[in-house]
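Reading the sequence shown from the start, the letters are residues -17 to -1, 1 to 247 in mature numbering (1 follows the signal peptide of the UniProt record, and there is no 0).
Glycine residues also receive a C-beta, built at the ideal position from the N, C-alpha and C atoms.
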Amino acid sequence: MKKLLLLLLLVPLLAYGQTIDTAKVAVWYEAKYNNGVEDVALTTSREVLEIGNKYTCYYSWDNKLYNDYMDSICKANPNEDIISVITSAANATNSLSRDYKIYKCLFNDSLTYFNSIWKRHFKYEQGFPVNDWRLAEGDTTILSMPCNKASLDLHGRHWTVWYTTEMPISDGPWKLKGLPGLIMKASESEGIFSFNCVGIDKITKPIEFESKRAYNTNPKRFEDELKKFRRGQTEYVFRQSKIPHTPGLWKNEKSYTPCLIEFY
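What follows is the structure in structure tokens.
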């Protein structure tokens, strides 16, 4: 019966491009992450959690602007040289920094994750271990709201977060959710991924399920595929495009850290 109920709650998510809810609140985060294996400085991204009555959607606002810009260039019918530049492996890597959308149901522990690797789109559904949070001593104030501390071990990473019960929404950035309030700040123990709330707005905006058709996969298979791309972007593009090439020709190509890589 429980599995049937979960399936029924996920039914609205099955139609690509469908409006599934209306967002009433936008929570803005400054995300910082390590993008390159040898990079010292962290990359910064503006990201947003749009909250409706039934669902939330989390994505990179900067990446949305990037994709909109690329779409506008392509619609202008540029010449082949420009197309080659904007679709290069390097640009594909930059856009991959935060090319995900995460839809979470507010009534259970389910989420649906979308991401793209070059021109291929992937989707998987995943539960969240809501009861694994550990409340901790400590308090702080973020955006004039008192916050409490909690921690969680999730998919091979240890997270420390601050949440506020003044916004009783059991959600937060990325996949994080399950506390009795909105997660305002989160960081993992290695210091290479973090989220910090920088603003909250009232909005009226449809939450639309991702319109791109995607391969159904699971978290581990997706992480493995993302690692392949990050280790050798040019060869990955040639292989997926079925372009004849010599394997290993780009051995010195820069390797990247898969964004928010998890361990399964």
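- SER177 sits in a strand when the DSSP states are folded into three classes.
- Of all C-beta pairs linking the region 163 to 176 to the region 188 to 200, fewer than three are shorter than 8 angstroms, placing the two stretches out of contact.
- LYS188 is positioned such that its CB atom lies closer than 8 angstroms to that of ALA6.
- Assignment of beta-bridge partners to TRP145 by DSSP yields LYS132, LYS168.
- Cβ-Cβ separation between PRO129 and GLU108: approximately 34 angstroms, too far for a contact (criterion under 8 angstroms).
- Take the alpha-carbon of ARG204 and the one of THR2: they are about 28 angstroms apart.
- Rounded to whole angstroms, GLY139 and PHE246 show a C-alpha spacing of 5 angstroms.
- Spatial neighbours of THR124 in its own chain (CB-CB distance under 8 angstroms, excluding positions within 5 residues in sequence) are listed in chain order as CYS130.
- If one requires a minimum length of 4 residues, no alpha helix (DSSP H) run lies completely within the region 83 to 131.
- By the C-beta criterion, the region 211 to 231 is judged not to be in contact with the region 113 to 121, since fewer than 3 inter-stretch pairs fall below 8 angstroms.
- Taken through DSSP and simplified to helix, strand or coil, PRO163 comes out as coil.
- One thing to note: PHE90 has its Cβ no nearer than 8 angstroms to the Cβ of GLY161.
- Here ASN46 is buried, its C-beta having at least 16 other C-beta atoms within 10 Å.
- Remark: C-beta atoms of LEU94 and TYR83 do not approach each other more closely than 8 angstroms.
- Per the coordinates, the alpha-carbon of TRP44 lies some 26 angstroms from the alpha-carbon of ASP207.
- The C-beta distance from LEU159 to ILE166 rounds to 5 angstroms, short enough to fall under 8 angstroms.
- A straight line joining the alpha-carbon of LYS210 with that of ALA9 spans about 31 angstroms.
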